[in-house]
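The block underneath contains the structure these notes are about, expressed in structure tokens.
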Amino acid sequence: MKKNTTRPSDRTSTKPSRSTPVPAELSGRTGSASIGPSSSLLTNIRYGLFLASLLTPLIYSSTTYFGYISERTWYINALIESLFLVAVFTPGFFVARLSRLQLAVLLFLAILFVADGLGVDPIQSFFSGYARMEGFLLYLHLGLYFFALVRVPFPKPYWNGALLLVVIIAVFVTVKGYVSSTGWQAIDHRLIATVGNPSFLSVYLLLPIFISLYLYGQFPTVSRLIKGTMVGISLCVLTGGIYLTGTRSAIIGLASGCIYLVTISLWSRYQTFSKRIGWLVLMVAVVSTLFWVARNNPLLQKFPIMYRLTHYSGDNNTLSPRFICWKIGLHGVTERPLLGWGRRILAMVLPRTTIRPFCSVAVIAGTTGLTMC
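At position 24 of the sequence shown (counting the first as 1) the number is 24 in UniProt numbering, and the numbers step up by one without a gap.
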């Protein structure tokens, strides 16, 4: 009987070797959106449009009646439509699975669509007016903006560059508003800059503060001295901008965020429970002492913004009237509890009730929309 003299290395193997490329269809991979010159070009175009969208706070007009709203909305809507159109033709847009967050956004938009369609004034709810321009059409554009960015995301260096631009623009907006005669609200001399509203400006400046802290740990090729100097300047300018807006909720949000970051840092640094609690108690005591000093110091109380930030009751339209307004606003929810009244119809609800932000979503989209928020 003749023996098989074939060596194992000569036998044909059905398994692919390490050097043998495996087709994407067999390996389960869908490929990268950055492969190929056309895909790279689309990515660069998308990134350019995305960076242009970050310039929105700088877009306003001082010669039109709603210069802080209409021109800015037209600008961002046009960029979002272009960005989404390019994203649709980018490889991988329709391949990636929907995450839970993406499904939640789709469901929320669907609820808003139904609520506005069945509301008391669908035309007003869908298209709004020049005074606000925040009907369903705006929310639809924000949804397109979200999906254009998350379906085919950018690499991390791209995001770091975009976040750096966010901080730079926020600092520029604050400085421009401070030195400009039109950057202050004439009634109570609160900073509005290029945003046009002190409360909106404070919320806009809040996020870049924490973004700048994040960026300090990025860009390893840049020296720590340069990064520390730039972060310090941005923190001073942005924090000062929030203070000059006189918005108490933003100050509370900033303090809460700082307390949270310090808590996480202490929790990871100290292992013993007693040291953690001790540092937390010390931190709360320091914050409470600073607030008490600012509230009871006659010199500091001469500044209107400091007085506004440290007084939440009394002559300064504060907490107790707000709680009463929230209770009244609930009556508007009870009349149309499921899908609400629709967007931009508060003029029809105000004669019956008084709406506050806590109840506004429930009034607009009902308890169904409030649940999705």
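The beta-carbon is built from N, C-alpha and C at its ideal position, and this holds for glycine as well.
Taking just the CA atoms, how far does residue j sit from residue i?
| i | j | result |
| --- | --- | --- |
| tryptophan 279 | serine 249 | 25 Å |
| asparagine 77 | aspartate 116 | 20 Å |
| leucine 140 | proline 298 | 50 Å |
| tryptophan 159 | tyrosine 214 | 12 Å |
| phenylalanine 84 | proline 91 | 13 Å |
| arginine 336 | leucine 144 | 29 Å |
| glutamine 218 | alanine 104 | 31 Å |
| proline 220 | glycine 161 | 13 Å |
| glutamine 301 | histidine 189 | 16 Å |
| proline 57 | valine 173 | 8 Å |
| serine 274 | methionine 283 | 14 Å |
| isoleucine 187 | proline 304 | 12 Å |
| phenylalanine 108 | glutamine 271 | 42 Å |
| leucine 201 | threonine 194 | 8 Å |
| arginine 100 | serine 256 | 28 Å |
| isoleucine 35 | valine 203 | With a pLDDT of only 49 at isoleucine 35, under 50, the local geometry of the prediction cannot be trusted, and the value read off the model is given with reservation. Roughly 39 Å separates the two Cα atoms. |
Quickly, what does DSSP pair residue i with across the bridge? List them, please.
| i | result |
| --- | --- |
| tryptophan 184 | Leu191 |
Taking the Cβ atom as the reference point for each residue, do residue i and residue j lie within a distance shorter than 8 Å?
| i | j | result |
| --- | --- | --- |
| isoleucine 169 | leucine 254 | no |
| glutamate 71 | serine 61 | yes |
| tyrosine 130 | isoleucine 69 | yes |
| phenylalanine 126 | phenylalanine 136 | yes |
| glycine 183 | leucine 205 | no |
| isoleucine 233 | leucine 163 | no |
| tyrosine 260 | phenylalanine 154 | no |
| leucine 79 | alanine 52 | yes |
| leucine 138 | threonine 73 | yes |
| leucine 339 | valine 114 | yes |
| valine 152 | phenylalanine 66 | no |
Round the Cβ separation of residue i and residue j to the nearest angstrom and send it over; I've been treating them as touching at under 8 Å.
| i | j | result |
| --- | --- | --- |
| proline 198 | threonine 245 | 4 Å |
| leucine 238 | valine 171 | 7 Å |
Can you have a look at residue i and say buried or exposed, based on whether 16 or more other CB atoms are within 10 angstroms of its CB?
| i | result |
| --- | --- |
| valine 166 | buried |
| leucine 290 | exposed |
| proline 226 | Sequence inspection shows isoleucine at residue 226; the proline mentioned does not correspond to that position. It is exposed - the Cβ of isoleucine 226 has fewer than 16 other Cβ atoms within 10 Å. |
| phenylalanine 50 | buried |
| phenylalanine 89 | exposed |
| leucine 41 | exposed |
| threonine 30 | Because the pLDDT at threonine 30 is just 39, under 50, the model does not fix this residue reliably, and the value given afterwards should be weighed accordingly. The residue in question, threonine 30, is exposed, as its Cβ has fewer than 16 Cβ neighbours within 10 Å. |
| alanine 87 | buried |
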